[in-house]
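K.L.:
For the sequence shown, the positions run 6 to 215 when this note's numbering is used.
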Amino acid sequence: GTKRLCLDTKYYETFNLPQVRLVDLRETAIMRFTSDGIETTEGLRHFDSVVFATGFDAVTGALDRIDIRGAHGRTLKDSWAEGPKMYLGLMAAGFPNLFAITGPGSPSVLSNMIVSIEQHVDFVRDLLATMRSRGDLRVDADEAAQDDWARHVSEVGHGTLYPQAQSWYMGSNIPGKARVFLPYVGGVGPYRRKCDEVAAKGYAGFSFAG
(Lines of atoms letter the chains of each structure in order from A and count residues from 1; the text may use other names and numbers.)
(Lines give C-alpha, C1' and ligand atoms only; values in the text may rest on other atoms or scores of the structure.)
Protein backbone atom coordinates (compact mmCIF):
# COMPACT_ATOMS: atom_id res chain seq x y z
CA GLY A 1 0.00 0.00 0.00
CA THR A 2 2.99 2.37 0.06
CA LYS A 3 2.77 2.65 -3.72
CA ARG A 4 -0.25 3.65 -5.76
CA LEU A 5 -2.59 0.66 -5.77
CA CYS A 6 -3.90 -0.60 -9.10
CA LEU A 7 -7.62 -0.93 -8.47
CA ASP A 8 -8.80 -1.37 -12.04
CA THR A 9 -10.87 -4.46 -12.78
CA LYS A 10 -8.74 -7.43 -13.94
CA TYR A 11 -5.54 -5.32 -13.90
CA TYR A 12 -3.25 -8.00 -12.49
CA GLU A 13 -5.07 -10.81 -14.30
CA THR A 14 -4.19 -9.12 -17.59
CA PHE A 15 -0.51 -9.95 -17.14
CA ASN A 16 -1.34 -13.68 -17.02
CA LEU A 17 -3.07 -13.70 -20.39
CA PRO A 18 -1.24 -15.82 -23.00
CA GLN A 19 -0.90 -12.92 -25.46
CA VAL A 20 0.63 -10.53 -22.91
CA ARG A 21 4.37 -10.05 -22.39
CA LEU A 22 5.86 -7.86 -19.68
CA VAL A 23 9.30 -6.46 -20.55
CA ASP A 24 11.54 -4.73 -18.00
CA LEU A 25 13.22 -1.94 -19.98
CA ARG A 26 15.81 -1.49 -17.25
CA GLU A 27 17.14 -4.92 -18.20
CA THR A 28 16.05 -5.02 -21.84
CA ALA A 29 16.68 -1.55 -23.21
CA ILE A 30 14.99 0.03 -26.22
CA MET A 31 17.44 0.33 -29.12
CA ARG A 32 15.22 2.03 -31.70
CA PHE A 33 11.70 2.43 -33.04
CA THR A 34 10.95 0.90 -36.42
CA SER A 35 8.08 1.39 -38.87
CA ASP A 36 6.18 -1.53 -37.34
CA GLY A 37 7.47 -1.94 -33.80
CA ILE A 38 10.25 -1.52 -31.26
CA GLU A 39 13.68 -3.09 -31.27
CA THR A 40 15.12 -3.93 -27.85
CA THR A 41 18.34 -5.66 -26.89
CA GLU A 42 16.35 -8.92 -27.14
CA GLY A 43 15.19 -8.26 -30.71
CA LEU A 44 12.33 -6.70 -32.65
CA ARG A 45 8.77 -6.71 -31.35
CA HIS A 46 5.89 -5.83 -33.68
CA PHE A 47 3.08 -3.49 -32.59
CA ASP A 48 0.02 -1.92 -34.17
CA SER A 49 0.29 1.06 -31.81
CA VAL A 50 2.65 2.41 -29.17
CA VAL A 51 1.61 4.48 -26.15
CA PHE A 52 4.35 6.73 -24.78
CA ALA A 53 4.55 7.22 -21.00
CA THR A 54 6.68 10.33 -20.81
CA GLY A 55 6.93 10.66 -17.05
CA PHE A 56 4.79 11.37 -14.02
CA ASP A 57 6.20 14.25 -11.98
CA ALA A 58 3.39 14.13 -9.43
CA VAL A 59 2.09 17.02 -7.33
CA THR A 60 4.86 19.53 -8.18
CA GLY A 61 5.69 19.01 -11.85
CA ALA A 62 2.73 20.93 -13.22
CA LEU A 63 3.85 23.99 -11.26
CA ASP A 64 7.65 24.03 -11.20
CA ARG A 65 7.93 23.47 -14.96
CA ILE A 66 6.40 26.94 -15.41
CA ASP A 67 8.75 29.90 -14.94
CA ILE A 68 6.87 31.17 -11.89
CA ARG A 69 8.79 33.92 -10.07
CA GLY A 70 8.01 35.25 -6.62
CA ALA A 71 8.08 38.69 -5.05
CA HIS A 72 11.91 38.81 -5.08
CA GLY A 73 12.44 37.18 -8.46
CA ARG A 74 13.17 33.69 -7.15
CA THR A 75 11.63 30.88 -9.16
CA LEU A 76 9.27 28.40 -7.59
CA LYS A 77 11.52 25.60 -8.88
CA ASP A 78 14.52 27.03 -7.00
CA SER A 79 12.40 27.57 -3.91
CA TRP A 80 11.46 23.88 -3.99
CA ALA A 81 14.97 22.54 -4.72
CA GLU A 82 15.11 20.77 -1.33
CA GLY A 83 11.46 19.78 -1.42
CA PRO A 84 8.20 21.70 -1.79
CA LYS A 85 6.71 23.73 1.03
CA MET A 86 3.23 25.21 0.93
CA TYR A 87 1.08 26.45 3.75
CA LEU A 88 -1.83 23.99 3.87
CA GLY A 89 -0.86 22.92 0.37
CA LEU A 90 -2.42 26.17 -0.85
CA MET A 91 0.24 28.88 -1.00
CA ALA A 92 4.05 29.13 -1.00
CA ALA A 93 5.62 31.94 1.03
CA GLY A 94 7.09 34.63 -1.19
CA PHE A 95 4.66 33.96 -4.04
CA PRO A 96 1.77 36.33 -3.32
CA ASN A 97 -1.64 35.80 -4.89
CA LEU A 98 -0.57 32.38 -6.22
CA PHE A 99 -2.88 29.62 -5.05
CA ALA A 100 -2.35 25.93 -5.75
CA ILE A 101 -5.33 23.59 -5.70
CA THR A 102 -4.47 20.29 -3.95
CA GLY A 103 -0.80 21.26 -3.85
CA PRO A 104 2.02 19.59 -1.87
CA GLY A 105 1.17 19.34 1.80
CA SER A 106 -2.56 18.82 1.26
CA PRO A 107 -4.43 15.47 1.23
CA SER A 108 -4.56 15.67 -2.59
CA VAL A 109 -3.78 12.24 -4.06
CA LEU A 110 -4.57 10.43 -0.80
CA SER A 111 -8.15 11.65 -0.87
CA ASN A 112 -11.13 11.77 -3.17
CA MET A 113 -9.59 14.38 -5.47
CA ILE A 114 -12.82 15.95 -6.67
CA VAL A 115 -14.04 16.49 -3.12
CA SER A 116 -10.67 17.90 -2.04
CA ILE A 117 -10.55 20.22 -5.05
CA GLU A 118 -13.99 21.55 -4.13
CA GLN A 119 -12.87 22.16 -0.54
CA HIS A 120 -9.80 24.08 -1.73
CA VAL A 121 -11.79 26.16 -4.21
CA ASP A 122 -14.32 27.02 -1.49
CA PHE A 123 -11.51 28.06 0.87
CA VAL A 124 -9.83 30.27 -1.74
CA ARG A 125 -13.17 31.78 -2.81
CA ASP A 126 -14.03 32.74 0.77
CA LEU A 127 -10.54 34.15 1.34
CA LEU A 128 -10.80 36.30 -1.81
CA ALA A 129 -14.27 37.49 -0.78
CA THR A 130 -12.84 38.54 2.59
CA MET A 131 -10.00 40.38 0.85
CA ARG A 132 -12.44 42.20 -1.43
CA SER A 133 -14.60 43.28 1.50
CA ARG A 134 -11.54 44.79 3.22
CA GLY A 135 -9.93 46.27 0.14
CA ASP A 136 -6.92 43.94 0.27
CA LEU A 137 -5.10 43.33 -3.02
CA ARG A 138 -2.32 41.01 -1.91
CA VAL A 139 -2.10 37.86 0.17
CA ASP A 140 0.93 35.74 0.99
CA ALA A 141 1.68 32.82 3.26
CA ASP A 142 3.75 33.57 6.36
CA GLU A 143 7.03 31.69 6.15
CA ALA A 144 6.83 30.60 9.81
CA ALA A 145 3.33 29.19 9.31
CA GLN A 146 4.47 27.44 6.15
CA ASP A 147 7.48 25.88 7.90
CA ASP A 148 5.35 24.73 10.83
CA TRP A 149 2.89 23.08 8.46
CA ALA A 150 5.69 21.45 6.44
CA ARG A 151 7.15 19.98 9.65
CA HIS A 152 3.73 18.62 10.62
CA VAL A 153 3.22 17.07 7.16
CA SER A 154 6.64 15.43 7.40
CA GLU A 155 6.12 14.15 10.94
CA VAL A 156 2.76 12.59 10.12
CA GLY A 157 4.15 11.10 6.91
CA HIS A 158 7.13 9.55 8.69
CA GLY A 159 4.76 7.86 11.09
CA THR A 160 3.81 5.62 8.18
CA LEU A 161 5.66 3.25 5.83
CA TYR A 162 5.31 5.60 2.84
CA PRO A 163 8.77 7.22 3.14
CA GLN A 164 10.43 3.78 3.05
CA ALA A 165 9.16 3.05 -0.45
CA GLN A 166 10.58 4.06 -3.81
CA SER A 167 7.45 5.69 -5.20
CA TRP A 168 6.19 8.84 -6.83
CA TYR A 169 4.64 9.80 -3.48
CA MET A 170 8.28 10.48 -2.52
CA GLY A 171 9.38 11.82 -5.91
CA SER A 172 11.58 8.74 -6.37
CA ASN A 173 10.65 8.31 -10.04
CA ILE A 174 12.15 11.68 -11.08
CA PRO A 175 15.98 11.79 -11.19
CA GLY A 176 17.29 14.60 -8.99
CA LYS A 177 13.97 15.33 -7.34
CA ALA A 178 14.19 15.82 -3.57
CA ARG A 179 12.82 12.84 -1.63
CA VAL A 180 9.99 14.41 0.32
CA PHE A 181 6.64 12.86 1.16
CA LEU A 182 4.39 15.06 -0.95
CA PRO A 183 0.77 14.64 0.26
CA TYR A 184 -0.71 15.12 3.73
CA VAL A 185 -1.55 11.74 5.23
CA GLY A 186 -3.19 13.03 8.42
CA GLY A 187 -6.66 12.59 7.00
CA VAL A 188 -9.18 14.70 5.12
CA GLY A 189 -11.27 15.35 8.26
CA PRO A 190 -8.43 16.78 10.39
CA TYR A 191 -7.17 18.75 7.39
CA ARG A 192 -10.58 20.34 6.79
CA ARG A 193 -10.87 21.21 10.48
CA LYS A 194 -7.47 22.90 10.32
CA CYS A 195 -8.53 24.95 7.29
CA ASP A 196 -11.79 25.93 9.02
CA GLU A 197 -9.84 26.94 12.12
CA VAL A 198 -7.45 29.07 10.05
CA ALA A 199 -10.40 30.82 8.36
CA ALA A 200 -12.21 31.37 11.67
CA LYS A 201 -9.10 33.11 13.04
CA GLY A 202 -9.09 35.63 10.21
CA TYR A 203 -6.93 33.43 7.97
CA ALA A 204 -4.15 32.94 10.48
CA GLY A 205 -0.84 32.19 8.78
CA PHE A 206 -1.61 34.46 5.84
CA SER A 207 -0.55 38.11 5.55
CA PHE A 208 -2.53 40.74 3.65
CA ALA A 209 -1.80 44.13 2.11
CA GLY A 210 -3.93 46.77 0.43
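Glycine included, C-beta positions come from ideal geometry on N, C-alpha and C.
It should be emphasised that the depicted structure is a prediction, and the values quoted were computed from it without experimental measurement.
Suppose you measure from the CA of Val114 to the CA of Gly48; what does that come to, to the nearest Å?
P.N.:
So the alpha carbons of these two residues sit roughly 39 Å apart.
K.L.:
Suppose contacts are defined by Cβ-Cβ distances below 7 Å. Is Gly110 in contact with Tyr189 by that definition?
P.N.:
The answer is yes: Cβ separation under 7 Å.
K.L.:
Our contact map puts Phe104 next to Ile73 with C-beta atoms below 8 Å; I'd like the distance itself, whole angstroms only.
P.N.:
Actually they are not in contact, since the Cβ atoms of Phe104 and Ile73 sit about 12 Å apart, beyond 8 Å.
K.L.:
Which residue from Leu30, Ala63, Phe20 puts its Cα closest to that of Thr46?
P.N.:
Nearest option by C-alpha distance: Leu30.
K.L.:
Taking just the CA atoms, how far does Phe213 sit from Ala234?
P.N.:
Not covered by the structure: residue 234. The range shown for the chain is 6 to 215.
K.L.:
Taking the alpha carbon of Ala98 as the point to measure from, which residue in Gly192, His77, Tyr17 has its own alpha carbon closest?
P.N.:
Selected option, being the one with the closest Cα: His77.
K.L.:
Which residues does DSSP pair with Val144 in a beta bridge?
P.N.:
According to DSSP, which records beta bridges pairwise, Val144 is partnered with Phe213.
K.L.:
Excluding five sequence neighbours on each side, which residues of the same chain lie with their C-beta closer than 8 Å to the C-beta of Cys200?
P.N.:
Correct list, in chain order: Leu93, Gln124, Phe128.
K.L.:
Assign Thr107 to one of two classes, buried (16 or more other C-beta atoms within 10 Å of its C-beta) or exposed (fewer than that).
P.N.:
Under this definition Thr107 is a buried residue.
K.L.:
Mind checking which residues open and close the alpha helix (DSSP H) that includes Glu18?
P.N.:
Element bounds for Glu18: 16 to 19.
K.L.:
Whole alpha helix (DSSP H) runs in the segment 133 to 190 with 4 or more residues, listed along the chain?
P.N.:
Taking only runs of at least 4 residues, the alpha helix (DSSP H) segments lying wholly in the segment 133 to 190 are 148 to 162.
K.L.:
From which residue to which residue does the alpha helix (DSSP H) around Leu68 run?
P.N.:
Where Leu68 is concerned, the enclosing alpha helix (DSSP H) stretches over 66 to 69.
K.L.:
By DSSP, does Arg196 sit in helix, in strand, or in coil?
P.N.:
For the record, residue 196 in the displayed sequence is Tyr; it is not Arg. Residue state, collapsed to three classes: helix.
K.L.:
On the three-state DSSP scale, how would you describe His77?
P.N.:
His77: coil per DSSP, three-state reduction.
K.L.:
Answer yes if the segment 26 to 43 comes into contact with the segment 64 to 73, meaning at least three C-beta pairs across the two stretches below 8 Å, and no otherwise.
P.N.:
The segment 64 to 73 vs the segment 26 to 43: no contact.
K.L.:
Using the beta-carbon count (16 or more within 10 Å), is Met175 buried or exposed?
P.N.:
Met175 should be labelled buried.
K.L.:
If we count the other Cβ atoms within 10 Å of its Cβ and call it buried at 16 or more, is Gln151 buried or exposed?
P.N.:
Classification for Gln151: buried.
K.L.:
Alpha carbon to alpha carbon, how far is Gly215 from Ser54?
P.N.:
Spanning the two alpha carbons is a distance of roughly 56 Å.
K.L.:
If we ignore side chains and look at the alpha-carbon of each, how far apart do Gly162 and His51 end up?
P.N.:
Whole-angstrom Cα-Cα distance: 44 Å.
K.L.:
If Val193 and Ser116 are in contact, beta carbons under 8 Å, what's the gap, nearest whole angstrom?
P.N.:
Contact holds; Cβ gap of about 5 Å.
K.L.:
Would you mind working out which of Asn102, Gly191, Ser121, Leu142 sits nearest Gly164, comparing C-alpha positions?
P.N.:
Among Asn102, Gly191, Ser121, Leu142, the Cα nearest to that of Gly164 is on Gly191.
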